[in-house]
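One structure is given here, and the rest of the page talks about it.
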Amino acid sequence: MSSFSITEPSNRTKWFAGTLVIAYALITMIPLVWIGLTGFKSPADAISYPPKYIIGSDSEAGFQPTLEGYVNLFTTRTRQTEEFLANNPPENWADEIVRQYDMVIVGPSKFGERFLNSVIIGFGSTFLSVFLGTLAAYAFSRFKIPLADDLLFFILSTRMMPPIAVAIPIFLMYRNLGLSDTHLGMILLYTAVNISLAVWLLKGFIDEIPREYEEAALIDGYTRFQAFYKVVLPQAATGIASTAIFCLIFAWNEYAFAVLLTTANAQTAPPFIPTIIGIGGLDWPAIAAGVTIFVLPVMIFTILLRKHLLRGITFGAVRK
Amino acid sequence: MAQIVIKNLKKQFGDFTAVRESSFTIEDGEFFMLLGPSGCGKTTTLRMIAGLELPTSGEIYLDGEEISQRPPSERDIAFVFQMFALYPHMNVYKNISYPLVSQGMPRAAVRDKVNEVAKILGIEDILKRPVGGLSGGDRQRVALGRAIVREPKAFMMDEPLGALDAEFREHMAEELRALHDRMGATTVYVTHDQLEAMQMGDKIVVMNNAVVEQFGTPQEIYDKPATMFVADFIGSPSMNFLSFHGKVGDGATNVAMQNADFTIPRTREPFEGDLAFGVRPEHIKISDAAPFRAEILATEYLGTTQIVTLQTAAGSVKARISAQKAARAGDTVGLEFNPATVTLFDRQSGRALRSELNEGVLHG
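Sequence order for the protein chains is A and B. So the number in the numbering used here is just where the residue sits in the first sequence, counting from 1, plus 104. So the number in the numbering used here is just where the residue sits in the second sequence, counting from 1, plus 2.
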């Protein structure tokens with residue numbers, strides 16, 4: 105055995121590659137970390153210069169963490185007279201925090217509702233895209249469909265311009281159909297945008313599953329549909345998981361259509377968070393708190409499925 | 003256990019004809035080989051019998067019942083795939099039990115049945131293992147287990163030994179044949195390996211270019227080829243063809259080639275034109291006195307025999323002769339052919355001329 109190997113990189117190469125990856129990870133994580141920290145700062149600390157970034161330190165760069173941002177995010181508040189404040193002691197810890205600005209909590213903000221809308225619309229459209237995409241991809245992969253290539257190209261062509269280019273027609277159409285500002289409308293819209301991605305990605309995965317598995321199931325006495333869900337689906341789990349992540353990220357982060365088509369009822373979190381800016385000045389901690397909470401579900405979803413995702417991104421690269 | 007009758011079976015994929023009007027009968031309990039080069043339609047034929055492809059036209063009878071348009075699940079035919087196609091997300095036990103589960107067999111009965119099959123195949127100790135890490139031979143056994151566990155009417159096998167290494171193939175071929183003899187189930191086996199077909203089969207169908215060329219026992223196929231393709235495809239080295247222009251009468255017992263006269267099996271039809279004189283290497287004798295002369299080009303020593311390549315006026319031939327016999331490249335010798343084994347072919351169509359020898363031979 106020589107120390108030189110074609111397949112195994114040398115220690116120096118590994119060290120270099122490792123450093124590069126870690127540096128890249130740090131750079132991409134800085135904004136996230138910054139947003140996370142800002143959510144726990146007071147408004148003054150959030151915009152102080154030089155910036156403060158050490159939690160709980162008395163030094164120049166330190167700040168005392170506070171839940172002010174989160175309280176402001178989830179509540180609506182009004183300014184009160186000194187008399188009122190003196191006569192009514194704070195009801196709880198959150199109330200106590202807002203008292204320092206001579207304010208009282210009068211009720212919950214819309215954030216919880218908007219966040220729930222995001223969950224319903226994001227996961228709803230992801231489920232629908234992946235469900236329909238899997239069925240369509242299976243059909244394209246396995247059956248002789250007349251004009252299959254043209255149909256696939258047509259499906260892909262829906263992604264050849266930015267979806268927002270058709271915003272005005274969709275806006276008018278939705279208004280006439282009564283789909284404006286409804287959950288169903290947004291789910292349908294995001295599904296329509298995502299389905300081409302889902303069909304193409306999943307077709308790639310299903311193409312890689314040998315037909316013999318299904319044929320074996322057919323021979324073993326199962327129907328075509330049983331063969332599909334008992335044999336093909338478990339094999340396609342990786343592809344389905346990574347497709348679901350891509351679909352969810354798009355639907356979750358989508359801003360333009362959400363601004364245009366949703367207002368009081370089905371508004372999602374992305375168009376809601378900036379409206380915080382309008383309420384009582386630039387409340388950066390509250391915005392950062394909103395963004396932090398907003399990012400969490402996608403992060404958790406991705407971490408749960410990351411084993412599949414890793415296989416998914418490199419799919420096709422390695423032939424078994 | 004079943005008899006399978008194939009009648010005028012035809013399969014087209016668009017403009018491409020994969021199988022052209024084929025007919026043959028597979029008797030109950032036979033080990034039946036579908037032999038031919040790749041792309042000849044043998045696998046398509048097998049898949050049509052199993053129900054994985056629907057024929058364009060023609061009929062398939064299983065025990066007298068027409069089944070050509072039924073889904074595979076209603077045919078009770080098992081299939082062993084070339085790459086085994088074991089369900090990768092299940093362990094060995096689940097793979098073997100899967101056909102029984104689909105029939106709704108009670109759990110305890112399934113367990114007994116799987117254990118029984120595992121014992122037959124000698125795989126009791128790997129039942130709990132995932133199929134991913136199994137050796138080729140064990141995968142093969144699991145695939146067989148999945149096929150035999152439900153006791154189907156017939157087995158279809160698509161080059162089941164193709165994925166195994168050469169050393170193990172021979173062993174597995176014997177195991178397969180022994181398994182078949184023990185169960186006596188009708189088996190249809192696709193292969194492109196003529197040795198495998200000769201070694202294992204009770205009957206062989208030779209296919210080429212979507213057409214059945216010949217149908218018969220290994221002996222018939224070898225000794226009485228119906229076409230030049232069959233004669234060439236079977237045997238190693240394959241049959242020699244000496245090309246000449248000549249004429250035979252109905253009932254003739256000899257033919258003139260290159261000014262020499264050869265005795266042949268009595269013909270059953272007259273023919274005049276381009277002929278091929280077909281003779282197997284082992285039916286050629288080198289004798290110094292014979293009038294048909296040839297020059298030795300090369301010899302190949304094989305232990306008990308040697309293959310001698312000779313150049314004659316009608317083309318080159320290979321002869322299999324005893325290794326003891328002296329044969330030196332460059333020598334000119336005379337050739338004699340065993341008259342009872344000669345087949346004359348019409349070189350244009352490749353068809354064997356009818357004679358005493360090949361009476362009763364079945365074309366496709």
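Note that CB positions come from ideal geometry on N, CA and C, so glycine has one too. As the structure is a computational prediction, the values presented were derived from the model and not from experiment.
- No Cβ of chain B is located within less than 8 angstroms of the beta carbon of T238/A.
- At least one C-beta of chain B is nearer than 8 angstroms to the C-beta of T327/A.
- When DSSP reads this structure, L337/B sits in a beta bridge with I288/B.
- Ranked by Cα distance from P57/B, the first of E67/B, S289/B, A325/B, F15/B is F15/B.
- Relative to the Cα of A241/A, the nearest Cα in the group Q204/A, A148/A, T230/A, L255/A belongs to L255/A.
- Shortest Cα-Cα distance from M202/B to any of A212/B, E177/B, V214/B involves E177/B.
- Nearest to S318/B by alpha-carbon distance, out of A325/B, V310/B, S324/B, is V310/B.
- Taking 4 residues as the minimum length, the alpha helix (DSSP H) runs contained wholly in the segment 215 to 266 of chain B are 220 to 225, 230 to 235, in order along the chain.
- In terms of Cβ geometry, A156/B and T189/B form a close pair [threshold 8 angstroms].
- For the segment 247 to 281 of chain B, the set of residues with a beta-carbon nearer than 9 angstroms to any beta-carbon of chain A is empty.
- Residues of the segment 104 to 123 of chain B with a C-beta atom less than 9 angstroms from some C-beta of chain A are S104, Q105, listed in chain order.
- The beta carbon of R141/B sits closer than 7 angstroms to the beta carbons of F86, L88, V133 from its chain, once the five residues preceding and following it are set aside; these are given in chain order.
- Non-local C-beta neighbours of G139/B in its own chain, meaning closer than 6 angstroms and more than five positions away in sequence, comprise F170, ordered along the chain.
- Interface annotation, P293/B: not in contact with chain A, CB-CB separation never under 8 angstroms.
- If the five residues before and after D78/B are omitted, its C-beta is found closer than 6 angstroms to the C-beta atoms of P154, K155, all from its own chain and listed in chain order.
- Between the C-alpha atoms of A321/B and R295/B there is a straight-line separation of about 14 angstroms.
- Residue burial annotation: K248/A is exposed, with fewer than 16 other C-beta atoms found within 10 angstroms of its C-beta.
- Secondary structure remark: continuous beta strand (DSSP E) runs of at least 3 residues inside the segment 136 to 213 of chain B, in chain order: 156 to 160, 188 to 193, 205 to 210.
- With respect to chain B, the C-beta atom of Q168/A has no partner C-beta closer than 8 angstroms.
- Per DSSP, the beta-bridge partners of V319/B are L312/B.
- Contact of E319/A with chain B is assigned, a C-beta pair being separated by under 8 angstroms.
- Annotated as proximal: V344/B and P267/B, with beta-carbon spacing under 8 angstroms.
- Secondary structure at T343/B: helix, using DSSP grouped into helix, strand and coil.
- Shown here, P132/B sits in a strand according to DSSP, grouped into three states.
- Between L365/A and S284/A, the C-beta gap is smaller than 8 angstroms, which places the two residues in contact.
- One alpha carbon belongs to T170/A, the other to E164/A, and they sit about 18 angstroms apart.
- Taking C-beta atoms as the reference points, M158/B and I69/B fail to come closer than 8 angstroms.
- A direct Cα-Cα distance of roughly 11 angstroms separates I299/A from A348/A.
- Exposure of W197/A is indicated by the presence of fewer than 16 other C-beta atoms within 10 angstroms of its C-beta.
- A331/A sits away from E316/A, with the two beta carbons spaced by 8 angstroms or more.
- D253/A is classed as exposed because its beta carbon has fewer than 16 other beta carbons within 10 Å across all chains shown.
- In the three-state DSSP reduction, E297/B falls in the strand class (E or B).
- Closest in alpha carbon position to N256/B, among E29/B, Q71/B, S357/B, is S357/B.
- Annotated three-state conformation of D348/B is strand, per DSSP.
- Between M85/B and chain A, the shortest Cβ-Cβ separation is below 8 angstroms.
- Contact check for I223/B and V213/B: beta-carbon distance about 15 angstroms, past the 8 angstroms limit, so the pair fails to qualify.
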